[in-house]
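Trainee: Below are the structure tokens for one structure; questions will follow.
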Amino acid sequence: MSGYHDAILICKSNRQEDTFQPKEIKKVIQRAYDDLGPMRFAEWAVLGHFLVIVVLWITQDPNVFPGWGSFFPTGLSSATPTILITISLFMFPSERPLRLIRTREQQTRAESDPEMCLSNDASTSTAGVNDATKGSESHPKLAKVKSIPALINWDVVHEKMPWGVLIVVGGGFALADGCVESGLSAWLAEQFKIFYGIPPFAVAFIIAIMISVLTEFTANTVTTSIFLPIVAEMAVATRINPLYLMVTATVSASFAFMLPVATPPNAIAFSSKEINVIDMVKTGCLLNFTCVCVLLFCMNTLGRLIFNIAVFPDWANSLDANTTDIYNVYNSTSVPF
Numbered sequence: 001m002s003g004y005h006d007a008i009l010i011c012k013s014n015r016q017e018d019t020f021q022p023k024e025i026k027k028v029i030q031r032a033y034d035d036l037g038p039m040r041f042a043e044w045a046v047l048g049h050f051l052v053i054v055v056l057w058i059t060q061d062p063n064v065f066p067g068w069g070s071f072f073p074t075g076l077s078s079a080t081p082t083i084l085i086t087i088s089l090f091m092f093p094s095e096r097p098l099r100l101i102r103t104r105e106q107q108t109r110a111e112s113d114p115e116m117c118l119s120n121d122a123s124t125s126t127a128g129v130n131d132a133t134k135g136s137e138s139h140p141k142l143a144k145v146k147s148i149p150a151l152i153n154w155d156v157v158h159e160k161m162p163w164g165v166l167i168v169v170g171g172g173f174a175l176a177d178g179c180v181e182s183g184l185s186a187w188l189a190e191q192f193k194i195f196y197g198i199p200p201f202a203v204a205f206i207i208a209i210m211i212s213v214l215t216e217f218t219a220n221t222v223t224t225s226i227f228l229p230i231v232a233e234m235a236v237a238t239r240i241n242p243l244y245l246m247v248t249a250t251v252s253a254s255f256a257f258m259l260p261v262a263t264p265p266n267a268i269a270f271s272s273k274e275i276n277v278i279d280m281v282k283t284g285c286l287l288n289f290t291c292v293c294v295l296l297f298c299m300n301t302l303g304r305l306i307f308n309i310a311v312f313p314d315w316a317n318s319l320d321a322n323t324t325d326i327y328n329v330y331n332s333t334s335v336p337f
């Protein structure tokens, strides 16, 4: 309570009258907007590519009418439109193609009869047509036409692409598949037999607390990729709606408030040197516990209405066979734990 009291006192002491000036703010925003200038051809082209990929995603399998994905029964995924648009970005010109055609026509005429081109511009040239050397050096039509670059190239991608994010996300998916294929998920689900017979609310609470603590040390993508298959198998084995535990585990992976390494925003706040790790841990524990309680309340109220989590769904029965197969793999292999 003392922290909130100090914050209120600071806000009161620093408050000044008539500091809010909407006209000045509007001028600043308008000035920044004017500095942007009109949209260029490359910007319109990128916007068009974005709209095309959105339309392709929506119409691939809309479930209302047959989408374009029905023409390709196999080999398509949501990544297919992304790859197609990416290839197009590497090929689509960043300037209007008609401009390139006109420029090449002008260059052709200039190369065939440079003196005629220079004489046509004599009225606008201060040097005149007699100085052919000077005119040929300054005349833009005689300049060699450069090829128009594409919207993006590999140098831009190599420099701007967040490769670390791709490695983290891809590594998380690879770890998840490795856990399933190696039988580690089945082995961990077997160890969670201590939860069998416990009410679903208590199981969800334990999972939420455990994952909210683990996500302080690892990325939430990695945490969910590893634990979601395990949670799904445990839910099927205990005849609990898998969505009840999986949604709880997924949202809990975002409750990273305790350590600077948990998320980039925490690291930015810690880099200000206004707080230390102990302060973050104390506040983060309270925030984590509060968020877990709110999450479980929502799952047991709104979740029952939206996901119907009180009923074991029929589609989860198909997961039971996969769970049995994984258990057989585990029983037939020696797991070094």
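Residue numbers for the sequence shown follow UniProt numbering, beginning at 1 and rising by one.
Just so you know, even glycine gets a beta-carbon here, dropped at the ideal spot from N, CA and C.
Where does Ala150 fall in DSSP's three states?
Mentor: Reading the sequence shown from its first residue, position 150 is the one you call residue 150. Three-state result, Ala150: strand.
Trainee: Ignoring anything shorter than 4 residues or poking outside the region 185-228, list the alpha helix (DSSP H) runs there in chain order.
Mentor: You should have 200-214.
Trainee: Starting from Ile309, trace the alpha helix (DSSP H) both ways and give me its first and last residue.
Mentor: Here residue 309 refers to the residue found at position 309 of the sequence shown. Segment: none, Ile309 is in no alpha helix (DSSP H) and carries neither H nor E.
Trainee: Suppose contacts are defined by Cβ-Cβ distances below 8 Å. Is Ala176 in contact with Ser225 by that definition?
Mentor: Position 176 of the sequence shown, counted from the start, is the residue given in the question as residue 176. Position 225 of the sequence shown, counted from the start, is the residue given in the question as residue 225. Yes, Cβ-Cβ distance for Ala176 and Ser225 is below 8 Å.
Trainee: Determine the DSSP secondary structure at Pro264, reduced to helix, strand or coil.
Mentor: Residue mapping note: residue 264 aligns to position 264 of the sequence shown, counting from 1. Helix, per DSSP.
Trainee: Got a sec, what are the start and stop residues for the alpha helix (DSSP H) Ala45 sits in?
Mentor: The count along the sequence shown starts at 1 and reaches residue 45 at position 45. It spans 41-60 - the alpha helix (DSSP H) in which Ala45 sits, taken as one unbroken run.
Trainee: Within the present structure, is the beta-carbon of Val157 separated from the nearest heavy atom of the ligand ZN by less than 7 Å?
Mentor: This structure does not include the ligand ZN; it has no bound ligands of any sort.
Trainee: Leaving aside the five residues before and after Ala150 along the sequence, list all residues of the same chain whose C-beta is less than 8 Å from its C-beta, in chain order.
Mentor: Locating residue 150 in the sequence shown gives position 150, counting from the first residue. Once the five neighbours on either side are set aside, the close Cβ partners of Ala150 are Leu89, Phe90, Met91, Phe92, Pro93, Ser94.
Trainee: Three or more beta-carbon pairs under 8 Å between the region 195-205 and the region 233-243, yes or no?
Mentor: A contact exists between the region 195-205 and the region 233-243.
Trainee: Output needed for Ser78: all residues of its chain with C-beta closer than 8 Å, excluding positions within five of it in sequence on either side, in chain order.
Mentor: If you number the sequence shown from 1, residue 78 lands on position 78. For Ser78, where only same-chain residues beyond five positions count, the Cβ hits under 8 Å are Trp57, Gln60.
Trainee: Just how far apart, CA to CA, sit Ile46 and Thr86?
Mentor: In the sequence shown, counting from the first residue as 1, residue 46 sits at position 46. In the sequence shown, counting from the first residue as 1, residue 86 sits at position 86. The amino acid at residue 46 is misidentified as Ile; the sequence shows Val. Roughly 11 Å between the two C-alpha positions.
Trainee: Helix, strand or coil, according to DSSP, for Pro93 in the structure here?
Mentor: Within the sequence shown, the letter at position 93 stands for residue 93. Note: Pro93 maps to strand in three-state DSSP.
Trainee: In terms of alpha-carbon separation, which member of Arg31, Val180, Phe72, Val281 lies closest to Ser212?
Mentor: Here residue 212 corresponds to residue number 212 of the sequence shown, with the count starting at 1. The option with the nearest alpha carbon to Ser212 is Val281.
Trainee: Which residues in the same chain as Ile83 place their Cβ atom closer than 6 Å to its Cβ, once the five residues preceding and following it in sequence are excluded?
Mentor: Sequence index remark: in the sequence shown, residue 83 carries index 83 (1-based). Same-chain partners within the cutoff: there are none.
Trainee: Going by alpha carbons, who is nearest to Glu216 out of Pro313, Leu287, Gly48?
Mentor: One-based indexing of the sequence shown puts residue 216 at position 216. If we check each option's Cα against that of Glu216, Leu287 comes out closest.
Trainee: Just to confirm before moving on: does the CB-CB distance between Leu296 and Ala204 stay below 8 Å?
Mentor: Translated into the one-based positions of the sequence shown, residue 296 becomes position 296. Translated into the one-based positions of the sequence shown, residue 204 becomes position 204. Yes, Cβ-Cβ distance for Leu296 and Ala204 is below 8 Å.
Trainee: For a test of the three-state rule: what should DSSP assign to Ser70, helix, strand or coil?
Mentor: Indexing the sequence shown from 1 puts residue 70 at position 70. Ser70 falls in the helix class under three-state DSSP.
Trainee: Just curious, the alpha helix (DSSP H) that Thr243 is in, first and last residue?
Mentor: Translated into positions along the sequence shown, residue 243 becomes position 243. In the sequence under discussion, the amino acid at residue 243 is Leu, which differs from the Thr named in the question. Element bounds for Leu243: 242-252.
Trainee: Does the distance from the CB of Cys285 to the CB of Met246 come in under 8 Å?
Mentor: Taking the sequence shown and counting its residues from 1, one reaches residue 285 at position 285. Taking the sequence shown and counting its residues from 1, one reaches residue 246 at position 246. No. Outside cutoff.
Trainee: For His49, which residues of its own chain have a beta-carbon under 7 Å away from its beta-carbon, when the five flanking residues on both sides are left out?
Mentor: Taking the sequence shown and counting its residues from 1, the one referred to as residue 49 is at position 49. The answer, listed in chain order, is Ile85, Ser88, Leu89.
Trainee: For Gln272 and Ala262, what's the separation of their Cα atoms in angstroms?
Mentor: Position 272 of the sequence shown holds residue 272. Position 262 of the sequence shown holds residue 262. Reading off the sequence shown, one finds Ser at residue 272, where the question assumed Gln. Between Ser272 and Ala262, the C-alpha separation is close to 16 Å.
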